[in-house]
Amino acid sequence: MGSNGLLMIQLNPITYQVKGGEIDAVVDIFNKKCSCKVFDIDILPCAHAIAAALHARVGVYSLVSPYYTKEYYMLAYQHTIYPVGSQSQWDVPDEVTSRVVLPREVKDKKRGRLKNSRYPSAGEFRNHKNRCGKCGQLGHYKKKCRSEAGSTEGKPPTNVTAL
Numbered sequence: 013m014g015s016n017g018l019l020m021i022q023l024n025p026i027t028y029q030v031k032g033g034e035i036d037a038v039v040d041i042f043n044k045k046c047s048c049k050v051f052d053i054d055i056l057p058c059a060h061a062i063a064a065a066l067h068a069r070v071g072v073y074s075l076v077s078p079y080y081t082k083e084y085y086m087l088a089y090q091h092t093i094y095p096v097g098s099q100s101q102w103d104v105p106d107e108v109t110s111r112v113v114l115p116r117e118v119k120d121k122k123r124g125r126l127k128n129s130r131y132p133s134a135g136e137f138r139n140h141k142n143r144c145g146k147c148g149q150l151g152h153y154k155k156k157c158r159s160e161a162g163s164t165e166g167k168p169p170t171n172v173t174a175l
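Add 12 to a position in the sequence shown, counting from 1, and you land on the number used in the numbering used here.
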């Protein structure tokens, strides 16, 4: 276990498994890769790569991309960067000023309460069928009912008294 609380397992001379922290990772010092992908993307050593480098007695700064050095920074800004100036001094070509740029089409927001769909939990059944308030049949509701207005066919009796 290292001083930083990470456990190092040397898989071969250039590859280490680093356990501890948020995730366990495999680090390849020679190819500058780590399974957490931070080292691969930023080309800056992550905590796993730093721990592996210290364990292997490799200089941590040798793992950093040369793009982060002072020399590359100075090369990027070696040419003069001129200020833009006020908008009245801009030289804009006619083909740009003649273009009409319309705003993007805005869709109307849906009205009412948003549908909150979810997966039913274990043991929960969701076989709900609509019962029509007009005819009493299953499968549709009053507004979509095709039966005649006064028909009571199939409708359960509402005022039944027991004898």
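In this text, a Cβ means the ideal position worked out from N, Cα and C, and glycines have one as well. Given the structure is predicted, the values throughout are model-derived calculations rather than measurements.
Same chain only: Cβ atoms within 6 Å of residue i, ignoring 5 sequence neighbours per side
| i | result |
| --- | --- |
| S47 | A37, V38 |
| I21 | Q29 |
Coarse secondary structure for residue i, derived from DSSP in three states
| i | result |
| --- | --- |
| T27 | strand |
| I21 | strand |
| D103 | coil |
| L66 | helix |
| L175 | Interpretation of L175 is limited by its pLDDT of 48, a score under 50 that renders its predicted location unreliable; no figure is taken from the coordinates. |
| D120 | coil |
| L114 | coil |
| L150 | strand |
| V72 | helix |
| V96 | coil |
Span separating the alpha-carbon of residue i from that of residue j
| i | j | result |
| --- | --- | --- |
| S98 | K49 | 44 Å |
| P57 | N128 | 44 Å |
| Q149 | R143 | 6 Å |
| S74 | A134 | 55 Å |
| N24 | A59 | 19 Å |
| N71 | D40 | According to the sequence displayed, residue 71 carries Gly and not Asn. Each residue's alpha carbon lies about 14 Å from the other. |
| H67 | A88 | 35 Å |
| L19 | K82 | 34 Å |
| D120 | L126 | 14 Å |
Within 8 Å, strictly: CB atoms of residue i and residue j
| i | j | result |
| --- | --- | --- |
| I26 | F42 | yes |
| Y85 | P78 | no |
Sequence-distant residues of its chain with Cβ nearer than 8 Å to residue i (five each side left out)
| i | result |
| --- | --- |
| G17 | G32, G33 |
| K141 | L150, G151 |
| K154 | C144, G145, K146 |
Nearest candidate by alpha-carbon position, reference residue i, set the options
| i | options | result |
| --- | --- | --- |
| I55 | P95, K45, A64 | K45 |
| V76 | R116, V112, A61, C157 | A61 |
Same chain only: Cβ atoms within 7 Å of residue i, ignoring 5 sequence neighbours per side
| i | result |
| --- | --- |
| K64 | The residue asked about is misnamed: residue 64 is Ala in this sequence, not Lys. Excluding residues within five positions, the ones whose Cβ falls inside 7 Å are M20, Y28, V30, V39, I41. |
| I35 | C48 |
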